[in-house]
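Here the structure comes first, spelled out in structure tokens, and everything after it is commentary.
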Amino acid sequence: MSQSSQKIKCIGCGAVIQTEKKELEGFIPASALEKADQDADIYCQRCFRLRHYNDLMDIDLDEESYKKILDEISSKQALIVLVVDLFDFEGSFIQGIQRYAHDNPIIIVGNKFDLLPQSVKESRIRQWVMKRSHALGVRPQEVLVTSATQKQYIDDLAQKIDRLRKGRDVYILGASNVGKSTLINQMIAPAIDDNSLITTSYFPGTTLGKIEIPLDDGAFLIDTPGIIQRDQVSYFLKGKELKQVTPKRRLNPKAYQINGRQTLFLGGLGRFDLISSPEKSSLVVYASEDLYIHRTKTEKAEQIIENMVGKELTPPSIENKLNLKYKQRDFKLKEKSDILISGLGWVTAPENVSLSVYAPEGVNVVLRPAMI
């Protein structure tokens, strides 16, 4: 006799079993739940894959649920590892983390280093991440860059964690889709083989939403769900649209020589109007290669929105276009800077230019010192 998902809890992590949203805690395919015996222990897909394949899956939490995890950290002595997406640094940065950390040390990990142009040096990005972290109110004890998918600098991170934790638990934090679980999988893979860091098998913790991986001294490496950042473009996109704005390969910077009163469209989600500049200016776009960039005269921008957005300029789709409202922000640059549209990419502009930037209402737009 099959089981209904009503009020069933995962025997591993305690999450309420659900069959509708794969990215949220407690998910199990409906077909698997239907096949389960009435009295069988039920594991969510995340716990099942952990037990049988030593594979961690990303799941997401809303802000209220995530705050409970942060409150727990604030009452403990622990090492905090915050994983941030270098493609969307400010958009994936968890604000207020220092307040919850108290005196606990913080390591900030800039992941997806492999997406940056090959000419960019790791040392420069580390320095940039340190300065940006300070500007965002966090004073990390260490900063590292990694590529979880390419296995770059994973050993460095594991060694830093081992040196700084001093017998304490280690909390791995991060927003959705920063590659946190992939990073943990890469870190613990050698330890599973040689039993040097963790026991030969590890088990989900009993606290809702977390996975506790035992270390060899009685402490735990704790993988927390990713927090959903509602001010990222990705929050407003689904399926094909989301894939289109997510870089899969190394970023290929595209430079556009533009005069005053010209406009760049980043798909249909970002618009950059050059209002004034001392001379002909070069705007450099860092975005997914699947995102179509269109240059036009500013006087034609409204016509472009009417005729091309949702068609040649996607995302958004025609259907999603009707649901989005756009907000204008004006910038006058005093130095070479990036203007980031969270989750979509960024444009690097020279000093002494003025721009108006349009992005969907609710999406974070950030002016920052140039990363590259």
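First residue of the sequence shown: 1, per UniProt numbering; consecutive thereafter. All residues carry an ideal CB built from backbone N, CA and C; glycine is no exception. This one's a predicted model, so the numbers in the text were calculated from it and none came from an experiment.
How long is the line joining the alpha carbons of Ser-181 and Asp-223, rounded to whole angstroms?
Taking the first residue of the sequence shown as position 1, residue 181 is located at position 181. Taking the first residue of the sequence shown as position 1, residue 223 is located at position 223. Going from the Cα of Ser-181 to the Cα of Asp-223 covers about 7 angstroms.
Is Leu-61 closer than 7 angstroms to Ile-227 when the C-beta atoms are compared?
As a first step, residue 227 is located in the sequence shown; it is residue number 227 there, counting from the start. As a first step, residue 61 is located in the sequence shown; it is residue number 61 there, counting from the start. Their beta carbons are under 7 angstroms apart, which means Ile-227 touches Leu-61 by this criterion.
Which residues mark the beginning and the end of the alpha helix (DSSP H) in which Asn-320 is found?
For this step, residue 320 is matched to residue 320 along the sequence shown. 318-321 is the span of the alpha helix (DSSP H), which, as asked, contains Asn-320.
Between the CA atoms of Arg-249 and Gly-345 - distance to the nearest angstrom:
Position 345 of the sequence shown holds residue 345. Position 249 of the sequence shown holds residue 249. The alpha-carbon atoms of Gly-345 and Arg-249 are separated by roughly 14 angstroms.
Relative to the C-alpha of Leu-313, which residue among Ile-184, Pro-369, Val-284 and Gln-244 is closest?
Taking the first residue of the sequence shown as position 1, residue 313 is located at position 313. Leu-313 has its Cα closest to that of Gln-244, out of Ile-184, Pro-369, Val-284 and Gln-244.
Please say whether Arg-261 and Tyr-358 have beta carbons closer to each other than 7 angstroms?
For the purposes of this step, residue 358 is taken as the residue at position 358 of the sequence shown. For the purposes of this step, residue 261 is taken as the residue at position 261 of the sequence shown. For Tyr-358 and Arg-261, no; Cβs fall outside 7 angstroms.
Quick check on this structure: which residue in Tyr-256, Lys-325, Cys-10 and Pro-190 has the alpha carbon closest to the alpha carbon of Pro-350?
Start at 1 with the first residue of the sequence shown, and residue 350 comes out as number 350. Of Tyr-256, Lys-325, Cys-10 and Pro-190, the residue nearest in Cα terms is Tyr-256.
Cβ distance (whole Å) where Tyr-43 is taken to contact Gly-12 below 8 angstroms:
The sequence position of residue 43 within the sequence shown is 43, counting from 1. The sequence position of residue 12 within the sequence shown is 12, counting from 1. Going by Cβ atoms, the distance from Tyr-43 to Gly-12 rounds to 5 angstroms, so yes, they are a contact pair.
Out of Leu-136, Phe-89 and Lys-160, which one is the CA nearest neighbour of Ile-125?
Counting from 1 along the sequence shown, the entry for residue 125 is found at position 125. The shortest C-alpha separation from Ile-125 is found at Phe-89.
Does the distance from the C-beta atom of Ala-370 to that of Asp-338 stay below 7 angstroms?
For the purposes of this step, residue 370 is identified with residue 370 of the sequence shown, where counting begins at 1. For the purposes of this step, residue 338 is identified with residue 338 of the sequence shown, where counting begins at 1. It is a contact, given that the beta carbons lie within the stated cut-off.
The beta strand (DSSP E) enclosing Glu-212, as first and last residue numbers
Your numbering for residue 212 matches position 212 in the sequence shown. From DSSP, the beta strand (DSSP E) with Glu-212 extends over 211-214.
Does the contact criterion of 3 or more C-beta pairs under 8 angstroms hold for the region 74-84 versus the region 47-54?
no
Relative to the alpha-carbon of Gly-167, which residue among Tyr-66, Ala-219 and Lys-311 has its alpha-carbon at the smallest distance?
Taking the sequence shown and counting its residues from 1, the one referred to as residue 167 is at position 167. When C-alpha distances from Gly-167 are compared across Tyr-66, Ala-219 and Lys-311, the shortest belongs to Ala-219.
Can you name the start and end residues of the beta strand (DSSP E) that Ile-172 belongs to?
On the sequence shown, residue 172 is found 172 positions in, with the first residue counted as 1. Unbroken beta strand (DSSP E) run through Ile-172: 169-174.
Hey, would you say Gly-110 sits closer than 7 angstroms to Val-81, going by beta carbons?
Taking the first residue of the sequence shown as position 1, residue 110 is located at position 110. Taking the first residue of the sequence shown as position 1, residue 81 is located at position 81. Their beta carbons are not under 7 angstroms apart, which means Gly-110 does not touch Val-81 by this criterion.
Give me, in chain order, the residues of the same chain whose beta-carbon lies closer than 6 angstroms to that of Gln-328; leave out the 5 immediate sequence neighbours on both sides.
Indexing the sequence shown from 1 puts residue 328 at position 328. Here the set comprises Ser-356 and Tyr-358.
Candidates Lys-121, Leu-324 and Ile-172: which alpha carbon is nearest Ile-97's?
Along the sequence shown, one-based indexing puts residue 97 at 97. The option with the nearest alpha carbon to Ile-97 is Ile-172.
Phe-113 bridges to which residues according to DSSP?
Residue mapping note: residue 113 aligns to position 113 of the sequence shown, counting from 1. Note: Phe-113 sits in no beta bridge, so no partner.
Taking the alpha-carbon positions, what's the Asp-37 to Ser-317 distance?
On the sequence shown, residue 37 is found 37 positions in, with the first residue counted as 1. On the sequence shown, residue 317 is found 317 positions in, with the first residue counted as 1. Their backbone Cα atoms lie some 43 angstroms apart in a straight line.
Helix, strand or coil, according to DSSP, for Ile-275 in the structure here?
Here residue 275 refers to the residue found at position 275 when the sequence shown is read from its first residue. Of the three classes helix, strand and coil, the one that applies to Ile-275 here is strand, per DSSP.
Provide the residue span of the alpha helix (DSSP H) that contains His-134, from first to last.
Position 134 of the sequence shown, counting from 1, holds the residue named residue 134. Residues 122-135.
Can you grab the Cα-Cα spacing for the pair Glu-122 / Lys-210, in whole Å?
For the purposes of this step, residue 122 is taken as residue 122 along the sequence shown, with counting starting at 1. For the purposes of this step, residue 210 is taken as residue 210 along the sequence shown, with counting starting at 1. For Glu-122 and Lys-210, the distance between alpha carbons rounds to 31 angstroms.
Excluding sequence positions up to five away, which residues of its chain have a Cβ less than 7 angstroms from the Cβ of Tyr-326?
Within the sequence shown, numbered from 1, the residue matching residue 326 stands at position 326. Taken in chain order, the residues that qualify are Tyr-358, Ala-359, Pro-360 and Glu-361.
In the DSSP output, what is His-294 paired with across the bridge?
For the purposes of this step, residue 294 is identified with residue 294 of the sequence shown, where counting begins at 1. Bridge partners of His-294: Phe-265.
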